[in-house]
Amino acid sequence: MFEVIDRDGLGRLGLLETRHGPVRTPALMPVVNPNKVLIPPAEMAQRFGAEVVITNAYILYTSKEQKDVDLHDHLGFPGPIMTDSGAFQQHVYGDVDVSNREIVEYQARIGSDLVTMLDVFSEPEHSQTRAAADVDETLRRAAEAVGVKAANAEPGFALVGAVQGGIHPEERTRCAQELSNLDVDIAAIGGVVPLMESYRFQDLVKVIVASKQGLRPRLPVHLFGAGHPMVFALAALLGCDLFDSASYAKYARAGRMMFVDGTRHAAELEFANCECPVCTQISPGELKGNERALAEHNLYVSFAEIRRVRQAIKAGELWELVERRCRAHPALLDGLKELRRHAQWLERFEPVSRHNALFYTGPETVYRPILYRFRQRLQERYSPPRRRTLVMFPEDGKPYMVHYRPAMEKVEAVCNAHFLVKSAFGPVPIELDEMYPNSQSLVPEQLDLEVLEASEVFARHFLAGAGYEFGVLWEGAATLTELEKRREDPNPLDWVLQRVRATSDMQFGRGAADALLAGQVELVRSKNTGRVRNVIVDGRHVLSMRAHDGLFSLRVEGGKVLHRAFPKPTLRVVVETETAEFNRLGKNVFAKFVREADPELRPRDEVLVVDQEDRLAAVGQAVLNPEEMVDFDRGVAVRVREGLPAS
Ligand code: GUN
Ligand code: ZN
């Protein structure tokens, strides 16, 4: 019932099917009080763009006269409706007057589309022992709710299971893993409202990460009670697909206005500082005390932010949006800083490249998964050309090779050196200057001290294992004089070939260049730019270099070589043998037919599509990461570029 259409980081543009129509995600569900409707759901849909609303089944259930309603009639809303169970009332009042089974059956009876179990609200102050007990009981009830759904011949609803466990990562992950083994349709991360209310965003990040680490990727993830637009981008980046908000109404009642960078009292505003339809019509003076208008403002702002998050995912700019949002409040900045501790995990979901340039927004940028990956791969995949001397350039114009060409030529006239740029993000061998994101990134000239220090550490780390005998920092003429002492017969490197070699190894793994380039190599270059376009070996077109990210597209002839050179599972996406014939014809690989995938693959990696006998069927580009490919049963896993007809 959930399909991922596009993604950035763990953030995803998805489509959630319900009996009352589809919901695009990330989605915000405004909370509707079933007994006191402030803004009717139909208006929510028309004016604000709500595609789904949420209401509280426990409130309906306990108000005797309203009990046996048809939910869609009662709210006058033909679209998808989610219901909550009363777990939040348990948090507020300490207890509720209904059992899990009763409230789940009740939600099914009134025609809810997304039925929530009655989870045990795990408070942040619960000890690990207490949180473990909350998790045990939540899981028992989740299984019971699954039983209720299974007893229903035509359930027609999706079941929402909850992840509890307080602020204890082990409990969160355990709850998520065990919940994933049950037949629930959506996983909701609960118990987080107190964290958000007290601005404990670092703990919020820890909780979401620990929960996501246990959840199977195919499950849409709801973040209970996340209704402030400040957190949407951050939560979406961590893989939350659904949000619900009573905040718009609660804040309005208190005269408060929500913005993407915080909350302000209407009474404090001298000037209307918002471009929403409410604020452009009504002055702050009139707004104050106008609960309905304030609620509308809060909804406009919230839905605009959801659309911004969607667009950022589409454009590959979600990290930038999050980094900007997290500067709105020091507590959010702590949440952002927490992400670097999870770089290794986040990297597994990070696309290999994007359409847009990477922007430096502050010291945190240096720890983004894509940059962490580049540094990691330099250690694991890259082999520097054999040169005793290394000349290190400071970061300057881009592409580095073009900028530093005159200096390189001067050096090459006196000795045989390799060159590296000490960038803010870490060392960049000069021949990798066009590989994403080295050329496709923007860094300020004035760097933060923390970044200069980090850059130093990254460089030292790289040099320790690189095997140069002698390294100098380029300082112009003085450096040349020094290099004169090392005079050798000039034997400069073929930089075009070095680029092809280094990019191949970085992209496909160490040894790929040796395999791909074994034979008579012909490099076809662009007439305009002189850049490599196609790599032909023994008359066979094996690789094409993409202008926008400096990475190779794999051709079927190159695929054959890599298939021979690397054993299973390297670079493989294994599909059911009966379906491989479609891929041979050039049709995309659907996740449903993927059996296994190389754990080292990442979204947008070039892959080998093979059948269960490891026969190559096609080459293409991954849309999902390996865990997702294996878990999803909807959507495209690999976009096939070229099929290989059966021989
Ligand atoms: N609403 C806000 N938090 C929660 C939670 O933890 N569980 C449920 N069911 N609803 C909530
Ligand atoms: Zn406004």
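Read in order, the letters of the sequence shown are residues 1354 to 2000 in our numbering.
Here a beta-carbon is modelled for each residue, glycine too, at the ideal position from N, C-alpha and C.
**Q.** Nearest-angstrom beta carbon gap, residue 1669 and residue 1708 [assumed within contact, 8 Å]
**A.** 5 Å
Q: Run the proximity test for residue 1578: is its beta-carbon closer than 7 Å to any non-hydrogen atom belonging to the ligand GUN?
A: yes
Q.
Looking at the secondary structure, which residues open and close the alpha helix (DSSP H) in which residue 2007 lies?
A. Outside the shown range of the chain, which is 1354 to 2000, sits residue 2007, and nothing can be said about it.
Q.
Please identify the residue among 1529, 1487, 1470, 1581 whose C-alpha is closest to the C-alpha of residue 1570.
A. 1529
Q: Have a look at the DSSP bridge pairing and note the partners of residue 1624.
A: Looking at the DSSP assignment, residue 1624 forms no beta bridge with any residue, so it has no partner.
Q. At what residues does the alpha helix (DSSP H) containing residue 1583 begin and finish?
A. 1582–1590
Q. Which residues in the same chain have their Cβ closer than 7 Å to the Cβ of residue 1756, if we skip the five residues on either side of it in sequence?
A. 1749, 1750
Q.
Here's the rule: buried if 16 or more other CB atoms are within 10 angstroms of the residue's CB, otherwise exposed. What is residue 1577?
A. buried
(Q) I'd like to confirm something about residue 1613: is its beta-carbon nearer than 7 Å to some heavy atom of the ligand ZN, or not? (A) no
Q. Within 10 angstroms of its Cβ, does residue 1647 collect 16 or more other Cβ (buried), or is it exposed?
A. buried
Q: Could you pull the start and end residues of the alpha helix (DSSP H) that residue 1415 belongs to?
A: 1410–1415
Q: Hey, could you find the ends of the beta strand (DSSP E) residue 1974 is sitting in?
A: 1969–1975
Q: Kindly indicate the opening and closing residues of the beta strand (DSSP E) around residue 1638.
A: No beta strand (DSSP E) contains residue 1638, which is instead part of the alpha helix (DSSP H) from 1637–1640.
Q) So, are the CB atoms of residue 1415 and residue 1428 less than 8 Å apart? A) no
Q.
Is residue 1546 a contact residue of the ligand GUN, with contact defined as CB to any heavy atom under 7 Å?
A. yes
Q | Every unbroken beta strand (DSSP E) inside the stretch 1593–1618 [3 residues or more] | A | 1595–1598, 1609–1612, 1615–1618
Q.
What does the alpha-carbon distance come out to for the pair residue 1488 and residue 1411?
A. 21 Å
**Q.** Segment limits, alpha helix (DSSP H) that includes residue 1435
**A.** Element bounds for residue 1435: not the alpha helix (DSSP H) but the beta strand (DSSP E), 1434–1437.
Q: Verify the contact flag: residue 1528, CB atom, against every heavy atom of the ligand FMN, threshold strictly below 7 Å.
A: The ligand FMN is absent from the structure shown, which contains only the ligand GUN and the ligand ZN.
Q: On a CA-only basis, which of 1615, 1645, 1662 is nearest residue 1594? Give me that one, please.
A: 1662
Q.
Do residue 1630 and residue 1653 have their beta-carbon atoms positioned less than 8 Å apart in this structure?
A. yes
Q. Among residues of its own chain, excluding the 5 on either side of residue 1899, which ones have a beta-carbon nearer than 7 Å to its beta-carbon?
A. 1906
Q | Near the ligand ZN: residue 1650 beta-carbon under 7 Å from a heavy atom | A | yes
Q: From the DSSP output, in three-state form, read off residue 1422 for me.
A: coil
(Q) Is the beta carbon of residue 1944 closer than 8 Å to that of residue 1925? (A) no
(Q) Within the continuous beta strand (DSSP E) that includes residue 1575, where are the two ends? (A) 1574–1576
Q) Rounded to a whole number of angstroms, what is the C-alpha to C-alpha distance between residue 1848 and residue 1558? A) 44 Å
Q: Pull up the CB-CB distance for residue 1855 and residue 1782, whole angstroms please, since I reckon it's below 8 Å.
A: 6 Å
Q: Measure the C-alpha to C-alpha separation of residue 1518 and residue 1362 and round it to an integer number of angstroms.
A: 25 Å
Q. What's the gap between the Cα of residue 1680 and the Cα of residue 1507?
A. 48 Å
Q) For residue 1914, which residues from the same chain have a beta carbon less than 7 Å from its beta carbon, with the 5 sequence-adjacent residues on both sides left out? A) 1868, 1869, 1895
Q | residue 1331, enclosing alpha helix (DSSP H) - first and last residue | A | The structure shown has nothing for residue 1331, since the chain only spans 1354 to 2000.
Q.
Check this for me: beta carbons of residue 1975 and residue 1933, under 8 Å apart or not?
A. no
Q) Would you report the Cα separation of residue 1753 and residue 1441, rounded to the nearest angstrom? A) 56 Å
Q. Can at least three beta-carbon pairs, one atom from the stretch 1512–1526 and one from the stretch 1543–1560, be found at a separation below 8 Å?
A. yes
Q. Is the number of C-beta pairs between the stretch 1690–1704 and the stretch 1947–1966 that are closer than 8 Å three or more?
A. yes
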